[in-house]
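Engineer: Line by line, the protein sequences give chains R and D. Position 190 of the first sequence, counted from 1, bears residue number 190 in this note's numbering, the numbering being contiguous throughout. Position 21 of the second sequence, counted from 1, bears residue number 21 in this note's numbering, the numbering being contiguous throughout.
Protein chains: 2
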Amino acid sequence: MRIAIDAFGGDNAPLEIIKGAALAEKEYGVHIVLCGDENIIKKCIADNNIIFNELDIVNATDVISMHDDPTSLLKAHKDSSMAVAFRELAEGRADAFVSAGSTGAVVVGGTFIVKRIKGIKRPALAAMLPSPDSYYMMMDIGANAECRPEMLHQFGVMASAYLKKVEKIDNPTIGLLNIGTEDTKGTELQKEAYKLLQDSDLNFIGNIESRELPNGVCDAVITDGYTGNIALKLIEGTAITLFSMLVLVFKKNFSTKMCYLILKGRLRGVKNKMNASEVGGAPLLGTKKPVFKAHGNSNAYAFKNAIGKAKLFAENDVIGTIENSFNEEEK
Amino acid sequence: MRIAIDAFGGDNAPLEIIKGAALAEKEYGVHIVLCGDENIIKKCIADNNIIFNELDIVNATDVISMHDDPTSLLKAHKDSSMAVAFRELAEGRADAFVSAGSTGAVVVGGTFIVKRIKGIKRPALAAMLPSPDSYYMMMDIGANAECRPEMLHQFGVMASAYLKKVEKIDNPTIGLLNIGTEDTKGTELQKEAYKLLQDSDLNFIGNIESRELPNGVCDAVITDGYTGNIALKLIEGTAITLFSMLVLVFKKNFSTKMCYLILKGRLRGVKNKMNASEVGGAPLLGTKKPVFKAHGNSNAYAFKNAIGKAKLFAENDVIGTIENSFNEEEK
Numbered sequence: 001m002r003i004a005i006d007a008f009g010g011d012n013a014p015l016e017i018i019k020g021a022a023l024a025e026k027e028y029g030v031h032i033v034l035c036g037d038e039n040i041i042k043k044c045i046a047d048n049n050i051i052f053n054e055l056d057i058v059n060a061t062d063v064i065s066m067h068d069d070p071t072s073l074l075k076a077h078k079d080s081s082m083a084v085a086f087r088e089l090a091e092g093r094a095d096a097f098v099s100a101g102s103t104g105a106v107v108v109g110g111t112f113i114v115k116r117i118k119g120i121k122r123p124a125l126a127a128m129l130p131s132p133d134s135y136y137m138m139m140d141i142g143a144n145a146e147c148r149p150e151m152l153h154q155f156g157v158m159a160s161a162y163l164k165k166v167e168k169i170d171n172p173t174i175g176l177l178n179i180g181t182e183d184t185k186g187t188e189l190q191k192e193a194y195k196l197l198q199d200s201d202l203n204f205i206g207n208i209e210s211r212e213l214p215n216g217v218c219d220a221v222i223t224d225g226y227t228g229n230i231a232l233k234l235i236e237g238t239a240i241t242l243f244s245m246l247v248l249v250f251k252k253n254f255s256t257k258m259c260y261l262i263l264k265g266r267l268r269g270v271k272n273k274m275n276a277s278e279v280g281g282a283p284l285l286g287t288k289k290p291v292f293k294a295h296g297n298s299n300a301y302a303f304k305n306a307i308g309k310a311k312l313f314a315e316n317d318v319i320g321t322i323e324n325s326f327n328e329e330e331k
Numbered sequence: 001m002r003i004a005i006d007a008f009g010g011d012n013a014p015l016e017i018i019k020g021a022a023l024a025e026k027e028y029g030v031h032i033v034l035c036g037d038e039n040i041i042k043k044c045i046a047d048n049n050i051i052f053n054e055l056d057i058v059n060a061t062d063v064i065s066m067h068d069d070p071t072s073l074l075k076a077h078k079d080s081s082m083a084v085a086f087r088e089l090a091e092g093r094a095d096a097f098v099s100a101g102s103t104g105a106v107v108v109g110g111t112f113i114v115k116r117i118k119g120i121k122r123p124a125l126a127a128m129l130p131s132p133d134s135y136y137m138m139m140d141i142g143a144n145a146e147c148r149p150e151m152l153h154q155f156g157v158m159a160s161a162y163l164k165k166v167e168k169i170d171n172p173t174i175g176l177l178n179i180g181t182e183d184t185k186g187t188e189l190q191k192e193a194y195k196l197l198q199d200s201d202l203n204f205i206g207n208i209e210s211r212e213l214p215n216g217v218c219d220a221v222i223t224d225g226y227t228g229n230i231a232l233k234l235i236e237g238t239a240i241t242l243f244s245m246l247v248l249v250f251k252k253n254f255s256t257k258m259c260y261l262i263l264k265g266r267l268r269g270v271k272n273k274m275n276a277s278e279v280g281g282a283p284l285l286g287t288k289k290p291v292f293k294a295h296g297n298s299n300a301y302a303f304k305n306a307i308g309k310a311k312l313f314a315e316n317d318v319i320g321t322i323e324n325s326f327n328e329e330e331k
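#1: Looking at C-alpha atoms only, which residue of D:Ala-314, D:Ala-4, D:Ile-18 is the closest neighbour of Lys-165 of chain D?
#2: Measure the CB-CB distance between Lys-304 of chain R and Leu-23 of chain R and report whether it falls below 8 Å.
#3: Using the C-alpha atoms, what's the distance from Lys-271 of chain R back to Lys-115 of chain D?
#4: Between Met-137 of chain R and chain D, is any beta-carbon pair separated by less than 8 Å?
#5: Listing by chain order, which chain D residues have their CB less than 9 Å from the CB of Asn-215 of chain R?
#6: From which residue to which residue does the alpha helix (DSSP H) around Ser-298 of chain D run?
#7: Let me see if you follow: with CB-CB separation under 8 Å, is Ser-277 of chain D close to chain R or not?
#8: According to DSSP, is Ser-80 of chain R part of a helix, a strand, or is it coil?
#9: In angstroms, rounded to a whole number, what distance separates the CA positions of Ile-297 of chain R and Arg-148 of chain R?
#10: Between Gly-180 of chain D and the rest of its own chain, which residues show a CB-CB distance below 6 Å, the 5 nearest in sequence each way excluded?
#11: Taking Ala-310 of chain D as the reference, which of D:Glu-91, D:Val-98, D:Ile-319 has the closest Cα?
#12: Tell me the DSSP secondary structure of Asp-170 of chain D in three-state form.
#13: May I ask you to list, following chain order, the residues of the region 252-277 of chain R that have a beta carbon less than 9 Å from some beta carbon of chain D?
#14: Looking at C-alpha atoms only, which residue of R:Gly-281, R:Phe-326, R:Ser-72, R:Ser-200 is the closest neighbour of Tyr-135 of chain R?
#15: Closest by CA to Ile-169 of chain D, which one among D:Asn-39, D:Ala-7, D:Val-318?
#16: Runs of 4 residues minimum, wholly inside the region 99-151 of chain D: which ones carry the alpha helix (DSSP H) assignment?
#17: Alpha carbon to alpha carbon, what distance is there between Phe-8 of chain D and Ala-105 of chain R?
#18: Helix, strand or coil for Cys-35 of chain D, going by three-state DSSP, please let me know.
#19: Output, in chain order, the set of chain D residues within a Cβ distance shorter than 7 Å of Thr-227 of chain R.
#20: For Cys-321 of chain R and Ile-117 of chain R, which I take to be in contact (beta-carbon distance under 8 Å), what is that distance rounded to the nearest angstrom?
#21: Given that a residue counts as buried once 16 or more other Cβ atoms are within 10 Å of its Cβ, and exposed if not, what is Met-1 of chain R?
#22: Going along the chain, which residues of the region 138-155 of chain R sit with their C-beta nearer than 7 Å to a C-beta in chain D?
#23: Quick one, which of D:His-31, D:Gly-228, D:Leu-176 has its alpha-carbon nearest Cys-218 of chain D's?
#24: Indicate whether Ala-341 of chain R and Leu-284 of chain R have their beta-carbon atoms separated by less than 8 Å.
#25: Between Ser-398 of chain R and chain D, is any beta-carbon pair separated by less than 8 Å?
#26: I need the straight-line Cα distance from Ala-159 of chain D to Ala-193 of chain D, nearest angstrom please.
#27: Quick check: Met-138 of chain R and Gly-228 of chain R, are their CB atoms within less than 8 Å of each other?
#28: Decide if Asp-224 of chain D is buried, meaning its Cβ has at least 16 other Cβ atoms within 10 Å, or exposed.
#29: Please state the DSSP three-state secondary structure of Ile-18 of chain D.
#30: Could you list which residues in chain D have their beta carbon closer than 8 Å to that of Val-249 of chain R, in chain order?
#31: Assign Ser-277 of chain R to one of three DSSP states: helix, strand, or coil.
#32: Just how far apart, CA to CA, sit Asp-37 of chain D and Ser-81 of chain D?
#33: Can you list, in chain order, the residues of its chain with a C-beta nearer than 7 Å to that of Glu-346 of chain D? Leave out the 5 residues immediately preceding and following it.
#34: CA-CA distance, Asn-299 of chain D and Gly-20 of chain D?
#35: Cutting at 8 Å between CB atoms, please list the residues of its own chain near Lys-257 of chain D, excluding the five before and the five after it.
#36: Mapping DSSP to helix, strand and coil, what is Phe-204 of chain R?
See the structure below:
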């Protein structure tokens, strides 16, 4: 199992990316292929005493940044670390791809370098979000700001396949994010998507209101990328704001500070539960080979987790399952 | 100042509504006009020893429920407590209207009984949401699932007028809810609305990402009703889920339970801060007279607050300001 890594993608690249890759080699036994400036990578490994058993480096001196137009991956930045890693995957020299770089560029590379599964209109990003007892998937979280109803239906098919194969959920429940439970709610997009999901073979449980979302009321919630991105960041922002308000409570006086000492381990547990690094990132579903997007602010631990998820994505034939279930849906 | 009250709207009607109205009379010196079944209202007042100095009751034996088609307010339920209260306002026998009933019906009544301000395409609901230090407005929170760019621009004009007059904010900052800060982000709706807001006289500060929203980074955030409704309920749901996770932390053992005893007053402060009843509800902006929607689950205290906001809405000439600022915008 060879994993092509964009060593220069993300806020903490290349150090945390390379450290995470070394951790992943040790934990998952994967073969790491680091893409990026060879001299910098070698110096970083030496300076930080990072140990790999085996390692391939594919040289790429350019980097695509968060501020570059994502489509520049295909032309101006076609020799960037991300584009080179994508070609390792597309041309069969790697089994999966992981990057913590520009989300837009990952979507562009997945769509145009790795290419879409036949019949899939648009690949989409599927993130695992924390609920009190477990996790649930939200898809799309931002690959496609504008969606058509058929796309939402396809997202449901792909989410279901991924959850079956990677998360080992038997018959995943699929919900549609909406502003009410009745099938007449929402915009034309939700009304039409509701019908398509209802008529499919999916385990569709209807509309899900956002108030219920953080409780994990279905295995996957389907939404357009605009709303999904708003929702993803709003859950994070609300949790951050609430914790900052709690910190003020604990700072009040001596006894509240003592309480903090007693509680801090458990509070950190709750905070980590809401912390994106625990989940690792988001698979891009709908491409011919496994593409995984790690969080932009991934540290070594988060990036290691992302590689672990990418390995599961690759070894459980998610893509074959999508092809099959999609073909069955189409019949 | 006469306030027409839909006495039979909301989960806790009529008791909490009538109690809230009595509290409002005492606190704000408003003249209450209760609309609904006169016999039930009188019995409820007598049974619960509710005291009014002055009170008008307008009899209406029918009620429009959350499950009724909102447009039935105009025909099948034209004699409901809500429709009768709307006519008190529209026909000049009241200065403001408050209901905790069906949001859809309030929007229908505002639009078709009270009617729109000239030039306003669609009225919209503007809620005040808590930030750590203060509040911010979100508009629309659900009156219009589908919006056009000109509508979002008008929402900005109306939000700004309301915040100036009722919340006494000098030059309110207006943000556009979006999935990135650049003006190229979002769907066609956001891209076009961005241009209109940018070219207006409003104090437009650009796109706001949802991660920043709970921190209160602008005075009013503008969005379509679908996204606004999703965001409003998601903030609430995330806070509820986080508090339920904290409760489990406190239940762990003797010392964590002691901590709870020490902290509970302050924690309740944080929880109340996130609690919708503190804010009261949402004005419907864009109608010719003041319409205020209280939360469906309002208790007496929350409903009293809603009446207080409706009074401020009426006495500060928000509607004249919207007419003027809207006319200036149009020039």
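Beta carbons: idealized from backbone N, C-alpha and C, even for Gly. Owing to the predicted nature of the structure, the values given are computational and were not obtained by experimental measurement.
Structural biologist: Short version:
#1: D:Ala-314
#2: In contact: Lys-304 of chain R and Leu-23 of chain R (Cβ atoms closer than 8 Å).
#3: 48 Å
#4: no
#5: Gly-237, Ile-240, Thr-241, Ser-244
#6: Ser-298 of chain D -> no alpha helix (DSSP H), and no H or E assigned at all.
#7: At Ser-277 of chain D the pLDDT is 45, less than 50, meaning the model places this residue with poor confidence and gives no usable figure here.
#8: strand
#9: It should be noted that the sequence gives Asn, not Ile, for residue 297 of chain R. If I take the Cα positions, the gap works out to 31 Å.
#10: none
#11: Comparing Cα positions, the closest option is D:Val-98.
#12: coil
#13: Closer than 9 Å at the C-beta level to chain D, one finds these residues of the region 252-277 of chain R: Lys-252, Ser-255, Thr-256, Met-258, Cys-259, Tyr-260, Ile-262, Leu-263, Arg-266, Leu-267, Gly-269, Val-270, Lys-273, Met-274.
#14: R:Gly-281
#15: D:Val-318
#16: 103-109
#17: 54 Å
#18: strand
#19: Thr-227, Ile-230
#20: With the sequence shown as reference, residue 321 of chain R is identified as Thr, and Cys is not the correct amino acid for it. Rounded, the Cβ-Cβ distance is 11 Å, inconsistent with contact.
#21: exposed
#22: Gly-142, Ala-145, Glu-146
#23: D:Leu-176
#24: Examination of residue 341 of chain R is not possible in this model, given that chain R is present from 1 through 331 alone.
#25: Nothing about residue 398 of chain R can be reported from this structure: the residues present for chain R run from 1 to 331 only.
#26: 15 Å
#27: yes
#28: buried
#29: Helix, per DSSP.
#30: Leu-263, Arg-266, Leu-267, Gly-269, Val-270
#31: Because Ser-277 of chain R carries a pLDDT of 45, less than 50, the predicted location of this residue cannot be relied on, and the following value inherits that uncertainty. In the structure shown, Ser-277 of chain R sits in a helix (DSSP, three-state: H, G or I).
#32: Computed Cα separation, rounded: 8 Å.
#33: For chain D, the structure presents residues 1 to 331; residue 346 of chain D sits outside this window and is missing.
#34: If you take the alpha carbons of Asn-299 of chain D and Gly-20 of chain D, they lie about 7 Å apart.
#35: Phe-250, Lys-251
#36: strand
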